[in-house]
Amino acid sequence: MAVWQRIVAAIKRDPYGRTARQVEEVLQTARPYGVSKALSEVLVRTREHLEATERAEVARQIQAMLRRSELQAPEFASRAGLSNESFADYLEGTVSPPASLLLRMQRLSDRFAKLAAQRSAK
1127 MAVWQRIVAA IKRDPYGRTA RQVEEVLQTA RPYGVSKALS EVLVRTREHL EATERAEVAR
1187 QIQAMLRRSE LQAPEFASRA GLSNESFADY LEGTVSPPAS LLLRMQRLSD RFAKLAAQRS
1247 AK
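For any residue, its number in this note's numbering is found by taking its place in the sequence shown, counting from 1, and adding 1126.
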């Protein structure tokens, strides 16, 4: 049992790492019951948890960009080329934007933060 616990711990530590990939390869040929079923569930749940955590982190970054820009959410969304609904999904972490859109939002935030700093310096 200690071996399985170490495997599970390795999967949880790095859901796309070497051990997880090796388990994934073994599971492709194993029958879905017993230990193989349990390991498959650990792999799926751990990856889902990681993805949810990553979406939440991206959402926090987008929220910080919005605050920094000092724009209201609808204005920020419009200037980023987004619908209010899509932007709300990104802010909530329901889905994550493509990398190119993250860059666009970062540039938008930077530009308006700079303008706000210039206004407050006057």
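Virtual Cβ for every residue (Gly too), placed ideally from N, Cα, C.
In this structure, does DSSP put residue i in helix, strand or coil?
i: A1206; result: coil
i: Q1198; result: coil
i: S1162; result: helix
i: Y1216; result: helix
i: V1129; result: helix
i: D1140; result: coil
i: A1135; result: helix
i: A1225; result: helix
i: A1146; result: helix
For residue i, which of the options has the nearest alpha-carbon?
i: M1231; options: P1200, R1205 and Q1154; result: R1205
i: R1237; options: T1145, R1194 and P1200; result: R1194
i: T1220; options: I1137, E1183 and L1192; result: E1183
i: A1178; options: A1164, R1139, S1222 and A1247; result: S1222
Answer yes or no: do residue i and residue j have a C-beta to C-beta separation smaller than 9 angstroms?
i: I1188; j: L1229; result: no
i: R1173; j: P1141; result: yes
i: A1225; j: S1212; result: no
i: L1153; j: L1169; result: yes
i: A1136; j: A1146; result: yes
i: V1134; j: L1165; result: yes
i: Y1255; j: A1185; result: The question about residue 1255 has no answer here: the residues shown for the chain are numbered 1127 through 1248.
i: A1214; j: A1199; result: yes
Ordered along the chain, which non-local residues of its own chain (more than five positions away) have a Cβ less than 8 angstroms from that of residue i?
i: E1196; result: F1238, A1239 and A1242
i: S1209; result: A1203
i: S1162; result: V1152, L1153 and A1156
Cutting at 6 angstroms between CB atoms, please list the residues of its own chain near residue i, excluding the five before and the five after it.
i: L1234; result: R1205 and A1206
Enumerate in chain order the residues of its own chain whose CB-to-CB distance from residue i is below 7 angstroms, with the five nearest sequence positions on each side excluded.
i: Y1159; result: none
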